[in-house]
Structures are given as structure tokens and as C-alpha cells.
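Residue numbers (the working numbering): 40 to 672.
Dropping the structure here:
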């Protein structure tokens, strides 16, 4: 056992419940950024708006009459997004598939709280967000009647804490705040979602005509009007209905917004139909080509730099531009002519040539903003997709797998993360499975779904429908012959599992100074981990505090009879055992030389040490091993 010389000993820092026990404080982070940029506008820790106005000068908009998109409760909705969550995510390995190896994550819980908890671990890591939020038709949209404390509301709704009767209600069109309620629900979620998108990422949102106009304005504000990419019309049905008195609705919207101008939409694979447009009338050895006009839409007056005489090499005839300029500059014309890339007609006598565009050099196809049902599926396909996995009608109007496949193809490449925080029946998860196997490009998913009651015995909640679909989809794919062959050959990438988590209150007891029972309150404060929570429960709260991936590989070892967890090849070591001795601490210190991480952080249970002497000496032993970040929970 190491003995320490008498010296000034460092004390172990405890994780601050306000700083480390909650999701990121967005307001505090924004203020810190502002302080770095404009330190002069702060006075006694507060922002002096008059000083800020003077600093920004002409860039301040102070006119009363200007365009803005607002509604009752918008300011409060913004504050809700900025309020940290004190919840956590409890791991449920027994309800998961391939817990130890999968990179996919499914979370049961209120998506507003979950989005807050994901801010550290997935900040700017998500390539694509796809959501199919409530359409606000007056019957399916539900929201808490009380949500002053969103986490407390969720815990009451799911029966995790006792409280008054708690109901969710539909947003009936008779409500005077019909659109307002929907906007107040969507606004904070989109604000938080934007933080998770990579700079080259994009969000796709399904919606119908009820709220499409409001969604467009909302996304213009959250993501920036300049980052609008498309309003895709998806042909959800291919027959008209004569049962309506108005128009038959055959399309819905898929709004596409980028995180920034770094986003580039993927080109699509070429089709036989597109390739059939290429021919080879002059038997060019480079193969089939199609002609592109050499004429420019602009007039000579508009593009005088593209006006020059050209000569047909076969006839010697010279042509000057009259009504249109040429498409290429003189130097490029000469290069094209020298390389036999100009076509002067079947008889070689045309006055204006075509530019030969060869199939061998053709790029993929540019996406379009109309997805017909044969390309992206329809509502009947969505019903059949789900029924093939969960027989019977268990979910209304599920999206077809092909719709989400098209979205993934447009945005993602290998090892990208997809987020769907209105997961519904879990179609995004199944689409990710199929895309990974069929394309050979693995995509990971994070799904979030509220355990909204279905009123049915078979599947009591929508989140259980989602979980069962993921289980069934993975099992079905493993059994398909072509999938087995693809996996065996290495052409398809297989991750058909998921880690399942549930939103809950923190594992750490809040200090409750009940002065009528102060002795008991002090005893409770000594052991601050809730007795019903396991080491694994606490471990994943630590991962969230440190901003680590929920699917990160975790190695467990036994050191001197105590279980420890090694995360990220030694970047983080967690010991949540009780009765920790200096032998255990020295065993952890030895990991620094064995694993050789660039930086190692160690976390203990605050009440886990054998005695105060061990706790006091722990920091010194680990510091001597080169481990400076040591905290207790």
C-alpha cells in the first residue's frame, strides 16, 4: 500500500448538481460567448442593453413596424428550451437487442426532456433529423395540460411519481389557441434539435396542409430562411376519393432545412431511363453521349464576353451570335473542338454545334421535390410494412419505409447518425436497418417516443409498439435469404439491435432540508444515490454528464474485488462500488500505464470509500499516477 508523505493534500471535487447534474444551461453558455465578444456590455454580471446597442451601432433594428413571426407564448416557449433538465436515462438491457454491440439507441420519454439530455453527448454530431410530428388536425395532437416543470409532468403522466390525476388532451379546433398550442409545442423542440445537427446536416419534417405554412415560418426562424432547401411534395395516395366535398388530398409536405451552407444533398443513382437518353450517332470511341445546346439563354448585350465568331470545321461557314450569346468562352470552344466534343449535326453542316456530354462522365441524378408513390411509397404501403411485423391494426397512418429510405439516401453516407424524436411506430429504425444492409453504408439511429397510452392490452403504449417493431424488423431481416447473403459477403453492414433507455428523474437525491426531521435528512445526504437505482443506472448518468455517446463500448473489470467501468479505452474510469480501499485506488492508478489514454478521468461514488482517510488519499495517489481529474458523485 502506498504511504504518502506529509504534504498539502488536494481534496476530491464533487460533481456540482447544478452544473454537472443537469443538461447544458443554454442561457449561461450564450452569455459566456457574449462576454468573450463584448466584455464591455456587462455590468455587475448583467447585460447592459444600452451599451450593447451602442456597440452594435447600425446593425440594431429598432423600428416598430417590421416583419416578424410571433404568437402568444413564444417567449415562454423559448425559455422552456433554455431550461436545463435534471432528468436522466435509465438503461434497460433486458428490453434491448444486442446491448453489448449495437450503436443504435431507442429512448422512451418526453422528447423535450430527452433532447435537453442529449445536448452534451450529441452536440453537432447528427447528420439527419427526420420527424413526423402531430399534424394538429384537432384529434391526434396531445400535450400536457400542466407543463411548468416538464420533467415532473412527464413523471406524473407515466406513473413514476404520485400526484394529482394527470391527463393529456387533444388540441381541438374549437380552442382559441389552436395554432398557438402547436407552435408552443414545436418551437423549443426545433431549437434544441438544431444544436444536435452537424454543420453539413439537414432536418426533414413531414407535415400536411394544416400547419405547413406555420412550420415554414417557424423553420425560417430556427434554421434560417437561407437554409431552406425544399418543400417536397410526397404523393401519399394514388387514387381520388369521391367521399369528400372539397379537393382530394393526395400529397403531403416534407420540409427540408440545412444546418448551414455546408450541407450538400446527395446525388441519386442513375436509372436505366436516364441512361437511355444517351446515344452514339457518330460512333465516338468514348461511348454514348447526349447533346447540350451551345446557345446561352442570355443575349449578346447581356453577355458580350461570350460573343465571338465560330467556324464549322466541315463547311468553313462562320457564324456570329445574334439573338443569343454562346454558352462557353472562346478558349473553351477551342478546347472542345480540338477534343472532338462538338457535334455539328448528322450531316456535319449545322451552324451551331451541340456539346457532347458523355455517359461515362455523367454524375448521379439531381433530386427533385416531387416524390411519387412508386418512388417513396404511400399510406397503404406504410400500413402493410407495419402489419408484416406486428399483425393487426396497432397504429394509425404509419409512414412507409421507402419514404424514410429516400430521405436517408438524400442526406446520409457511411456511419452517419439519424435522429427521430417523434418515432411513432419506429419506421425510421426499420428504414435505417434496410438502408445499411442494402446500400452497404451503415447509419445509426436515435429514436425517441413518448409512452402515450393506446388503450389496448396487446401494446399498452406507442413506445412499446415502436420497441416491438424494432425487435421484429431486426429478426425478420436476419431471416431473409438475400440479407443473409449480403451480410455473409460483407456487402451489407449489420447492426440490427438497439439500446433501450427510459427517461426518469436523476439518480442523485436532491437535498431536502426537512427541519422537522433534520437528523434523517442528514443521514440521507450521506448516501446521495437513490436506493432503488443500480450501478448501471448511475453509470449512464455519468456518461450524460461527461457528454459521452450512449452507445459507447464499456468494459467492466474487477479490481481487488470491486467492479469498475472503463469507457473510451481509459478516457473515463468509473467506480461506483462501496467499501473502496487504497488497494482499489492503486489498481485504478495502474490502468494509466496499461491503457495509456491521453487524459484519464476518474469518478467515484461519494459515499463509496471505506473511510475518510481513503477518500483523502485517493486524489494524491491518482495525481501521482498522472490522473488529475478525479471527482465524486
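All residues carry an ideal CB built from backbone N, CA and C; glycine is no exception. For clarity, every value in this text was computed on a predicted model and none was experimentally measured.
Look at the beta carbons and you see the region 274-284 not touching the region 326-337: under three pairs across the two are nearer than 8 Å. Annotation note: the region 325-410 contains the following uninterrupted alpha helix (DSSP H) runs of length 4 or greater, listed N- to C-terminal: 369-377. Annotation for residue 299: 238 place their beta carbon closer than 6 Å to its own, counting only its chain and skipping 5 residues before and after. Within the region 231-261, the runs of beta strand (DSSP E) that reach at least 3 residues and sit entirely inside it are, in chain order, 236-246.
Shown here, residue 649 sits in coil according to DSSP, grouped into three states, outside any helix or strand. In the structure shown, the three-state DSSP call for residue 292 is strand.
By the neighbour-count definition (other C-beta atoms within 10 Å, threshold 16), residue 152 is a buried residue.
In this structure, the beta-carbon distance from residue 346 to residue 336 does not fall below 8 Å.
A direct Cα-to-Cα measurement between residue 600 and residue 470 gives close to 45 Å.
One thing to note: residue 649 has its Cβ no nearer than 8 Å to the Cβ of residue 142.
Closest option to residue 166, judged by alpha-carbon separation, among 219, 232, 515, 631: 232. Under the 10 Å beta carbon count, residue 368 is surrounded by fewer than 16 other beta carbons and is classified as exposed.
Listed in chain order, the beta strand (DSSP E) runs fully inside the region 426-474 are 455-459, counting runs of at least 3 residues. In this structure, residue 540 places its C-beta atom within 8 Å of the C-beta atom of residue 130. In the three-state scheme derived from DSSP, where H, G and I count as helix and E and B as strand, residue 225 is classed as helix. Rounded to whole angstroms, the separation of the alpha carbons of residue 420 and residue 426 is 10 Å.
Per DSSP, the beta-bridge partners of residue 483 are 456.
Straight-line measurement puts the Cα of residue 263 at about 18 Å from the Cα of residue 110. Short of 6 Å from the beta carbon of residue 366, and not among the five residues preceding or following it, lie these beta carbons of its own chain, in chain order: 333, 335. A distance below 8 Å separates the beta carbons of residue 513 and residue 536. Note that the region 305-325 touches the region 402-421; at least 3 beta-carbon pairs, one per stretch, sit closer than 8 Å.
When DSSP states are grouped into helix, strand and coil, residue 607 belongs to the coil group.
Excluding residues up to 5 positions away in sequence, 669, 670, 671 lie with their Cβ nearer than 8 Å to the Cβ of residue 52 in the same chain. Residue 636 and residue 629 have their C-alpha atoms spaced approximately 12 Å apart. Between the beta-carbon of residue 128 and that of residue 156 there is about 6 Å, and that keeps the pair under the 8 Å contact cut. Distances from the CA of residue 149 to each of 643, 486, 618 were compared; the closest alpha carbon is that of 486. When rounded, the separation of the alpha-carbon atoms in residue 316 and residue 398 is 9 Å. Between the alpha carbons of residue 438 and residue 220 lies a gap of roughly 24 Å.
The Cβ-Cβ distance between residue 579 and residue 611 does not fall below 8 Å. Taking residue 598 as the centre and dropping the five residues before and after it, the same chain places the C-beta of 623, 626, 627 closer than 7 Å to its C-beta, in chain order. Residue 305 sits exposed, since fewer than 16 C-beta atoms from the chains shown fall within 10 Å of its C-beta. CA-to-CA, the gap between residue 273 and residue 113 works out to about 30 Å.
A Cβ-Cβ distance of about 24 Å is found for the pair residue 608 and residue 647, leaving them out of contact under the 8 Å criterion.
Around the CB of residue 645, 16 or more other CB atoms lie within 10 Å, so the residue is classed as buried.
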